[in-house]
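First the structure, in the form of structure tokens, and then the observations on it.
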Amino acid sequence: MPPQKKDYKQLLIKSEKSRKALLKLLKDQKRKEEKLRESEEKYKIITDSILDVIFILDKTGKLLFFNKSVENVLGYKAEEVVGKSFTKFVPKKELLKYFLQLKNLFQHKEIAKLITQINHRNGNVIDVEINGRLIKQKRKYVGLGVIRDITERKRAEEALATREEYYRTLFDLSPSGIIVEDTEGKIIEVNDTFCKLMGYQMNELINKNVKTFVPEEKHQTVNNNLKKLLNEKILEHEVVNISKYGSHIISQLRETLITLPNGEKAILSIANDITEKKQAEAELQNSREELRRLASHLQTVREEERSAIARELHDELGQILTSLKLNLSLMKRQIKDKSIYEPETLENEIASMTNLIDHAVAGVRKLITELRPELLDKLGLIAALEWLIDDFSKTTKLKYSFDCEFEELQLDENAKLAIFRITQESLTNTAKYSGATSIKVFLGIHENKLCLKIEDNGKGISQDEIGGKHSFGLLGMRERANLIGAQFKIFKGENSGTTVLLTLDKK
Ligand SMILES: Nc1ncnc2c1ncn2[C@@H]1O[C@H](COP(=O)(O)OP(=O)(O)OP(=O)(O)O)[C@@H](O)[C@H]1O
Ligand SMILES: [Mg+2]
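Taking this note's numbering, the leading residue of the sequence shown gets 2, the next gets one more, and so forth.
Here it is in structure tokens:
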């Protein structure tokens, strides 16, 4: 049955509706496509502006996509390498690493991450970091990866490592002690030199406080210095440290405020052991003072000697000459008065005057010997020593032995005089202080050296007396020995008595 008029109308309405629907569908489709294109464009702009290389590969390792950066990083144009296998870019020794990552990525869906190397088109091998993950594209899984050139980073890391090694070596091998401590003084790091200086093992010192090295009464000073460093940043001072074994070590400290890699403040202390230098300075100072004292003492001694000589001249020679003069003027008067002596009386007078003159001659000789041992010049050192010791024994009634290995000794004048004077002073000291009953003198060769040894059997000299500030006799002996290049020692014997020992290298 043909359609009715009403049916046509119906049909027309329906087709109008479908046309509108179709139009709407087409419009939507177009809008979607546009959106897609827009988003693809956006995506392309983004990927191309990224400096890292972005790539997509399938599970066989075939490369499906590269962004523009591949040209900068690997030297290839994207279209040259799309469709190739990734192995084209991989140095042989790195291949296995790549395959493992690829397997993990596609089989186990693990995120790939590897630091490796890649071949540049120009033949160079460059260091890269590659990160990859699986994504779904057109219902298939593909790998999306990012390659980052880390050549610069690696170079910087290597440079840093080299620098670190350089400073580590400096730290380890430095002849100065080095400590890094926190702002409270707790030791973070310490080098071997410091450990040795203080007598500790390194593990004993880590986390210990630097106050360990100073006596308790100085702890507050350490605290103050730590505080001061926070403001002043650098501090230089001398400290007396106490080692593990209790010995005192004088250190020159240079402390600097530093920042640790973790950003915390710390203190770098460099310690130089100046104990020996300080001791040498003190010894020098001491010996200067000794010399000053000796010089002033010698001055006094010279004055005393002069007055002694004057006294001697006055009391001895003066008296004798005065009585000689008296005798002579008496004789003159008697000759004038013609009351001439009996020959016998005259003879007596002359004898007594001769006696006085003999006294005067002996007195003068004694004076001369004291001023300069005449015997030394006339008879030589050995005879002069024999006379000195014999004379000493006569006056003091001390027994003596003189063991001399030489008939005569070839020495310069200064050495002879020094040996003579040192013996003289030793004998005087023995007589004055020792309470000895006998004395032994040896002059000979011992261990290839000329040796003078004077031993008494008295009470023995004490350590205090040896180092005494006013022991000028000893100082003088030491100085005389120094001047002729000899070594001088004085010490108490094992049982008793004092020994003076002078040794001189024989030329
Ligand atoms: N043989 C000795 N036995 C015991 N004590 C000694 C002996 N020799 C020196 N002494 C002690 O050492 C001290 C220092 O001696 P030193 O010769 O330097 O000084 P001195 O004899 O007292 O003074 P000076 O020598 O200047 O006249 C003496 O005072 C004495 O106490
Ligand atoms: Mg003396």
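Ideal placement from N, C-alpha and C gives every residue a C-beta, glycine not left out.
Ligand 2 and N430: does any heavy atom of the ligand fall closer than 6 Å to the residue's C-beta? Yes, since a heavy atom of ligand 2 falls inside the 6 Å radius drawn around the Cβ of N430.
Measuring CA to CA, which of T213, R422 and S353 is closest to L574? For residue 574 there is no data in the structure shown, the boundaries of the chain being 2 and 508.
Considering just the uninterrupted stretch of the beta strand (DSSP E) at H315, what are its terminal residues? Note, H315: premise wrong, no beta strand (DSSP E); not H, not E.
Would R334 be called buried (16 or more neighbouring beta carbons within 10 Å of its own) or exposed? Under this definition R334 is an exposed residue.
Any heavy atom of ligand 1 inside 6 Å of the beta-carbon of Y434? yes
Among C405, A385, V223 and E158, which residue has its Cα nearest to the Cα of K212? V223
Would you say the beta carbon of F473 comes nearer than 6 Å to a heavy atom of ligand 4? Ligand 4 is absent from the structure shown, which contains only ligand 1 and ligand 2.
Can you give the Cα-Cα distance for K229 and K278, rounded to whole angstroms? 28 Å
What does a CB cutoff of less than 7 Å around E282 pick up in its chain, not counting 5 residues either side in sequence? none
Is there at least one non-hydrogen atom of ligand 1 closer than 6 Å to the beta-carbon of E239? no
Should I207 go down as buried or exposed, given a rule of 16 or more other Cβ atoms within 10 Å for buried? exposed
Same chain only: Cβ atoms within 6 Å of V91, ignoring 5 sequence neighbours per side: Y99
Which runs of the beta strand (DSSP E) at least 3 residues long sit entirely within the segment 117-166? Give them in chain order. 126-138 and 141-150
By a C-beta neighbour count over all protein chains shown, 10 Å radius and 16 as the cutoff for buried, is G178 buried or exposed? Buried, by the Cβ-count rule.
Would the beta-carbon of D1 be found less than 6 Å away from any heavy atom of ligand 1? Given a span of 2 to 508 for the chain in the structure shown, any question on residue 1 remains unanswerable.
Determine the extent of the beta strand (DSSP E) in which S427 is found, giving its start and end residues. Looking at the DSSP string, S427 is not in any beta strand (DSSP E); the run it does join, the alpha helix (DSSP H), is E414 to N430.
Helix, strand or coil, according to DSSP, for S248 in the structure here? coil
What residues in its chain sit with their C-beta under 7 Å from that of N225, if we drop five residues either side in the sequence? none
Find the nearest neighbour of F67 within the set T260, H471, V54 and L75, judged by alpha-carbon distance. V54
Using CA coordinates, which residue listed in V302, V147, K441 and I136 is at the minimum distance from L399? K441
For C452, list the residues DSSP reports as bridge partners. G445 and T504
Integer Cβ distance of L451 from T424, believed to fall under 8 Å: About 14 Å; that fails the 8 Å criterion.
Taking S427 as the reference, give the member of L161, G445 and I462 with the closest Cα. I462
So is the beta-carbon of I351 under 6 Å away from any non-hydrogen atom of ligand 1? no
Collapsed DSSP secondary structure at G436 in the structure displayed: coil
Could you pull out every residue in the same chain whose Cβ sits closer than 6 Å to the Cβ of R479, ignoring the five residues on either side in sequence? F489
Using CA atoms only, rank isn't needed, just tell me which of I351, L299 and D391 is closest to D404. D391
Between the segment 170-186 and the segment 254-273, are three or more C-beta pairs nearer than 8 Å? yes
At the level of alpha carbons, what is the spacing between S16 and A22? 10 Å
Sorry if obvious, but does the Cβ on T301 come closer than 6 Å to a heavy atom of ligand 1? no
Does ligand 1 have even one heavy atom less than 6 Å from the beta-carbon of G459? yes
Work out the CA separation of T276 and E205 for me, nearest whole Å. 24 Å
To which residues does DSSP link Y401 through a beta bridge? I440
Please identify the residue among I116, G124 and V143 whose C-alpha is closest to the C-alpha of E131. What sits at residue 131 in the sequence shown is Ile, not Glu. Taking only the C-alpha atoms, the option nearest I131 is I116.
Which of the three DSSP states, helix, strand or coil, is assigned to Q411? coil
N-terminal and C-terminal residue of the alpha helix (DSSP H) that Q102 is part of: L96 to H109
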